[in-house]
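If you're matching positions, the sequence shown starts at 1 in the UniProt record's numbering and goes up one per residue.
By construction, the Cβ of each residue, glycine as well, lies at the ideal position given by its N, Cα and C atoms.
In what follows, a structure is listed as structure tokens, so that the remarks can point back to it.
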Amino acid sequence: MADNLLIVESPSKAKTLKKYLGSDFEILASYGHVRGLVRKDGSVDVDHGFAMKYQVIAKNAKHVDAIVTAAKAAKNVYLATDPDREGEAISWHLLEILNGKKALDKKLVKRVVFHEITETAVKAAVANPRDVDSHLVNAQQARSALDYLVGFNLSPLLWRKVRSGLSAGRVQSPALRLICERENEIRAFTAQEYWSVHLDSHKGKTKFGARLHEWRGKKLEQFDVPDEATQAEILAALAGKPASVSNVEKKRKSRNPTAPFTTSTMQQEAVRKLGMTTDRTMRTAQQLYEGIALGDGTAGLITYMRTDSVALANEAVAEIREYIGSQFDAESLPASPVVYKNKSKNAQEAHEAIRPTSILRTPASVKAYLSAEQFKLYEMIWKRTLASQMSPAKFDTTSVDIAMGEAIFRASGQVLVFAGFLAVYEEDVDDAEDEDNAKLPVLEAGEDLPVDKLYGEQHFTQPPPRYSEASLVKALEEFGIGRPSTYASIIKTLKDREYVNLDKKRFLPTDTGEVVNKFLTDHFGQYVDYQFTSKLEDKLDEISNGERDWIPVMEEFWTGFSQQVEEKKSLKRSEVTHEALDEACPKCSKQLTVRLGKRGRFVGCTGYPECDYTRDMNETAEQKAEEQVQVIEDRVCPDDGGQLIVKSGRYGKFIGCANYPKCKHIEPLEKPKDTGVTCPVCNTGMLIERKSRYGKLFYSCNTYPKCTYATWNPPIAETCPKCQWPVLTLKTTKRRGLEKVCPQKECGHAETVMTPEQLAAQAESSE
């Protein structure tokens with residue numbers, strides 16, 4: 001048994017560290033969190049200093065037992081969990097467990113922190129240990145207690161007032177509010193018409209266009225040409241007028257590189273450039289940080305990926321500058337290192353930005369050892385870091401004014417004259433407007449120009465765009481909602497709770513999400529307020545810096561919050577889920593309301609159940625009245641013998657029994673496609689092609705609900721050669737192409753049908 005025990009969070013990190021520390025160290029992993037709050041009411045004792053009841057997480061109990069056994073045998077114990085608040089708290093929990101098991105008697109127990117997994121950094125950290133930071137632990141305890149108290153008090157209220165299974169969170173709820181408020185802005189938006197007037201001209205073989213900039217001595221604003229009649233008047237006034245260059249202005253402009261990645265900017269860029277979700281980005285970055293098996297051993301490829309700092313270590317900057325000097329021309333290397341300042345007021349300056357552990361480890365040199373996603377993310381981090389220390393890009397911009405009658409048209413062009421950092425990396429942006437980079441001929445003031453075409457273009461103002469993952473992360477950071485390390489989990493929770501859907505990679509609130517948001521903003525507005533949430537995050541940062549005690553922060557929050565929860569318990573469910581309409585029921589004349597049902601919101605009569613009038617949210621009373629019942633001829637309901645009719649539901653038209661709600665028989669309007677494959681579970685039904693509620697195809701037994709077997713992939717009637725399961729499925733992936741796979745997870749059989757190259761060739765030939 002080694003004299004020294006070092007405890008980390010991840011087993012893959014343990015393998016990497018073992019190479020650096022040798023046989024004197026035994027390295028064990030906690031496999032993440034070791035203790036959590038007991039999941040029942042009262043786990044945070046609000047009457048006794050917010051004392052918390054913890055228990056060992058069941059799935060990690062065996063790892064905790066192994067750590068306790070090893071600690072009893074070791075002389076020195078080093079707690080080397082991640083270098084952030086959460087990691088500090090895990091070290092504290094381990095310390096509490098080990099002390100409780102009397103595993104640390106007369107032993108040296110120290111905290112070890114490193115921000116990159118390299119031999120130098122790891123050995124330096126072990127040589128300079130410290131004690132567990134109680135301020136960081138208190139900040140994390142306060143965060144856990146706040147999240148617990150909000151969740152355990154608001155969620156049951158949502159269950160009673162809206163629907164069972166819902167949840168509210170201290171941070172997820174303001175994030176949901178952002179998405180819902182943007183949707184309300186879009187609905188309230190009224191498009192406004194405006195026009196632009198253009199001149200097309202040429203010199204030699206170079207064609208170019210100009211836009212009306214001034215009319216009768218006045219510079220034009222967006223709505224100064226409001227309609228077609230106005231632009232027609234301008235065109236008529238300019239008809240037959242000569243055009244000439246009145247002014248040419250040339251400028252040299254520079255564009256500076258962007259700072260190295262923080263957690264937030266890395267997530268935004270990975271969404272934009274790589275099409276990766278924030279959750280996938282963080283998991284992939286974790287793998288790069290913890291260590292990748294390379295040809296010469298395992299190595300951590302990037303520094304710690306949870307950071308809000310844009311600073312780089314002096315040693316890293318020196319290595320980057322040396323690389324730039326050897327690989328690029330002299331002008332690409334600035335005279336002195338480029339220094340970036342943090343915009344975040346609470347950024348921890350001791351941390352570094354996300355960077356490669358060595359710029360000499362180029363993406364090409366490690367590509368063979370990385371998955372496709374690992375390579376793409378590493379390449380992006382490597383390029384961004386390298387570019388951050390390079391010279392600015394330089395452009396020659398030209399602005400040409402063209403006089404024509406009482407009008408001045410303006411043409412603009414931009415030419416890159418020195419790439420600088422753009423030779424390596426350019427940042428993407430959300431919803432960018434196209435820059436005018438037209439190529440202009442050499443023009444001089446006073447020269448005449450031909451008028452090739454004079455015309456107007458109609459435009460309409462556009463509503464604000466829905467949030468993408470990247471723009472939502474940016475908004476969360478700007479509003480101070482949560483912390484960058486939590487953004488991925490916030491977004492995942494909103495998706496998992498079905499509060500939002502992704503439509504063309506943009507967040508669209510569901511009916512449930514909107515009802516939950518309305519309930520929280522109407523009745524708990526202070527606690528989903530952006531400023532309140534941001535100030536609370538600031539207080540947590542102050543706790544972690546030792547500037548504030550955590551108990552008073554908890555008391556201040558709980559006093560107001562608990563009182564509000566008690567007040568809202570008397571609300572009726574209809575006050576939350578019903579929204580009155582200024583419209584009478586066409587059937588019984590009672591008031592109509594918008595309600596939340598199992599399948600979303602709909603319009604219903606307050607006279608229910610005596611009056612059963614309902615209609616879709618997007619349907620008017622007139623449209624409902626015009627609907628004619630379409631009867632299915634020559635068939636009766638198989639359940640009660642009633643008449644079958646065509647009905648309209650949230651997901652389109654379907655066949656149902658006319659005796660609803662006494663009989664709830666339904667079936668699809670279009671007969672599902674039969675695959676011809678016998679169900680492998682019941683051996684009597686056939687597998688048919690169906691669509692999920694979101695339009696995704698799946699395959700299930702036609703005897704449902706008697707048999708519930710289903711699979712996402714197309715089935716084929718072939719027996720698995722490995723486990724003898726009677727049906728295989730076809731699966732296509734970018735890396736492996738088309739495969740026959742066994743749907744039994746414990747089997748894992750797969751055989752190639754078509755390679756990715758063959759699939760690509762087939763697609764190309766079909767085009």
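Helix, strand or coil: how does DSSP classify residue 69 here? Here residue 69 corresponds to residue number 69 of the sequence shown, with the count starting at 1. Helix at residue 69.
Just how far apart, CA to CA, sit residue 194 and residue 521? Numbered from its first residue, the sequence shown carries residue 194 at position 194. Numbered from its first residue, the sequence shown carries residue 521 at position 521. Their backbone Cα atoms lie some 36 Å apart in a straight line.
Since residue 455 is in the beta strand (DSSP E), which residue starts that stretch and which ends it? Here residue 455 corresponds to residue number 455 of the sequence shown, with the count starting at 1. Where residue 455 is concerned, the enclosing beta strand (DSSP E) stretches over 453 to 460.
Buried or exposed by the 16-neighbour rule on C-beta atoms within 10 Å, applied to residue 439: One-based indexing of the sequence shown puts residue 439 at position 439. Per the 10 Å Cβ criterion, exposed.
Would you identify the three-state DSSP class for residue 701, choosing helix, strand or coil? Residue 701 sits at position 701 when you count from the first residue of the sequence shown. Three-state result, residue 701: strand.
Is the Cβ-Cβ distance between residue 356 and residue 324 less than 8 Å? Sequence index remark: in the sequence shown, residue 356 carries index 356 (1-based). Sequence index remark: in the sequence shown, residue 324 carries index 324 (1-based). No, the pair does not count as a contact, with Cβ atoms beyond the cut-off.
Rounded to whole angstroms, how far is the Cβ of residue 774 from the Cβ of residue 112, which I believe are closer than 8 Å? Because the chain is modelled from 1 through 767, residue 774 falls outside the range shown and cannot be assessed.
Would the segment 240 to 247 count as touching the segment 444 to 460 if we require 3 or more Cβ pairs under 8 Å? yes
Can you find at least 3 beta carbon pairs, one from the segment 243 to 255 and one from the segment 386 to 402, that sit closer than 8 Å? yes
Please list the terminal residues of the continuous beta strand (DSSP E) segment that includes residue 376. Working through the sequence shown from its first residue, we reach residue 376 at position 376. It is not in any beta strand (DSSP E) - residue 376 instead sits in the alpha helix (DSSP H) that spans 372 to 388.
Where the beta strand (DSSP E) through residue 276 begins and ends: Taking the first residue of the sequence shown as position 1, residue 276 is located at position 276. No beta strand (DSSP E) contains residue 276, which DSSP labels as neither H nor E.
Given this structure, state the Cα-to-Cα distance separating residue 421 from residue 728, to the nearest angstrom. The residue labelled residue 421 in the question sits at position 421 within the sequence shown. The residue labelled residue 728 in the question sits at position 728 within the sequence shown. Approximately 51 Å between the Cα atoms of the pair.
Are there three or more Cβ pairs, one per stretch, closer than 8 Å when the segment 503 to 516 is compared with the segment 462 to 480? yes
What is the rounded straight-line gap between the Cα of residue 210 and the Cα of residue 273? Numbered from 1 along the sequence shown, position 210 holds the residue referred to as residue 210. Numbered from 1 along the sequence shown, position 273 holds the residue referred to as residue 273. Roughly 32 Å separates the two Cα atoms.
Taking the alpha carbon of residue 582 as the reference point, which residue from 298, 605, 541 has its own alpha carbon closest? As a first step, residue 582 is located in the sequence shown; it is residue number 582 there, counting from the start. Comparing Cα positions, the closest option is 605.
Name the one or two DSSP bridge partners that residue 605 has. Counted from its first residue, the sequence shown places residue 605 at position 605. DSSP lists 592 as partners of residue 605.
Do residue 717 and residue 698 have their beta-carbon atoms positioned less than 8 Å apart in this structure? In the sequence shown, the residue the question calls residue 698 occupies position 698. In the sequence shown, the residue the question calls residue 717 occupies position 717. Cβ distance not < 8 Å, so residue 698 and residue 717 don't count as in contact.
What's the call for residue 442, buried or exposed, on a 16-neighbour Cβ count within 10 Å? Counting from one through the sequence shown, the residue named residue 442 turns up at place 442. Classification of residue 442: exposed, given that the 10 Å Cβ count is below 16.
Beta-carbon contacts of residue 761 that lie in its chain and below 6 Å, excluding the five residues immediately before and after: Here the question's residue 761 lines up with position 761 in the sequence shown. Once the five neighbours on either side are set aside, residue 761 has no close Cβ partner at all.
Buried or exposed, going by whether 16 or more other CB atoms sit within 10 Å of the CB of residue 692? Numbered from 1 along the sequence shown, position 692 holds the residue referred to as residue 692. Under this definition residue 692 is an exposed residue.
Short check: CB of residue 132 to CB of residue 92, under 8 Å? The residue you call residue 132 lines up with position 132 of the sequence shown. The residue you call residue 92 lines up with position 92 of the sequence shown. In this structure, residue 92 lies closer than 8 Å to residue 132 by Cβ.
Does the segment 568 to 577 come within contact of the segment 177 to 193, defined as at least 3 CB pairs closer than 8 Å? no
The segment 31 to 41 in contact with the segment 308 to 325 per 3-pair CB rule at 8 Å: no
Cross-strand partners of residue 643 (DSSP beta bridge): Here residue 643 is taken as the residue at index 643 of the sequence shown, counted from 1. 636.
Does DSSP classify residue 412 as helix, strand or coil? On the sequence shown, position 412 is the one that residue 412 refers to. Three-state DSSP puts residue 412 in a strand.
Inspect the CB distances between the segment 519 to 539 and the segment 157 to 172 and report whether three or more fall short of 8 Å. yes
Residue 490 and residue 534 look like a contact to me (Cβ under 8 Å); what is the Cβ gap, rounded to whole Å? Numbered from its first residue, the sequence shown carries residue 490 at position 490. Numbered from its first residue, the sequence shown carries residue 534 at position 534. Incorrect: roughly 14 Å between the Cβ atoms, too far for contact.
If the criterion is Cβ atoms closer than 8 Å, does the pair residue 682 and residue 657 meet it? One-based indexing of the sequence shown puts residue 682 at position 682. One-based indexing of the sequence shown puts residue 657 at position 657. Contact flag unset, no.
Where in the UniProt domain "Toprim" (3 to 118) do unbroken runs of the beta strand (DSSP E), each at least 3 residues long, occur, reported from the N-terminal end onward? 4 to 8, 25 to 29, 35 to 37, 54 to 56, 76 to 79, 108 to 111
Rounded to the nearest angstrom, what separates residue 267 and residue 558 at their Cα positions? The residue labelled residue 267 in the question sits at position 267 within the sequence shown. The residue labelled residue 558 in the question sits at position 558 within the sequence shown. Approximately 33 Å between the Cα atoms of the pair.
Would residue 385 pass as a contact of residue 19 if the rule is Cβ separation under 8 Å? Along the sequence shown, one-based indexing puts residue 385 at 385. Along the sequence shown, one-based indexing puts residue 19 at 19. Result no, Cβ atoms of residue 385 and residue 19 do not sit closer than 8 Å.
Taking C-alpha atoms, which residue in 99, 493, 588 lies nearest to residue 175? Translated into the one-based positions of the sequence shown, residue 175 becomes position 175. Answer by Cα proximity: 493.
To the nearest angstrom, report how far apart residue 85 and residue 139 are at their CA atoms. What you label residue 85 is simply residue 85 of the sequence shown in a count that begins at 1. What you label residue 139 is simply residue 139 of the sequence shown in a count that begins at 1. Cα to Cα, the separation comes out at about 7 Å.
Coarse secondary structure for residue 552, derived from DSSP in three states: Walking along the sequence shown from the start, residue 552 turns up at place 552. Correct three-state label for residue 552: helix.
Can you list, in chain order, the residues of its chain with a C-beta nearer than 6 Å to that of residue 712? Leave out the 5 residues immediately preceding and following it. Your numbering for residue 712 matches position 712 in the sequence shown. The residues are 698.
Minimum C-alpha distance to residue 108 - residue among 162, 5, 52, 66: Residue mapping note: residue 108 aligns to position 108 of the sequence shown, counting from 1. The candidate whose alpha carbon is nearest that of residue 108 is 5.
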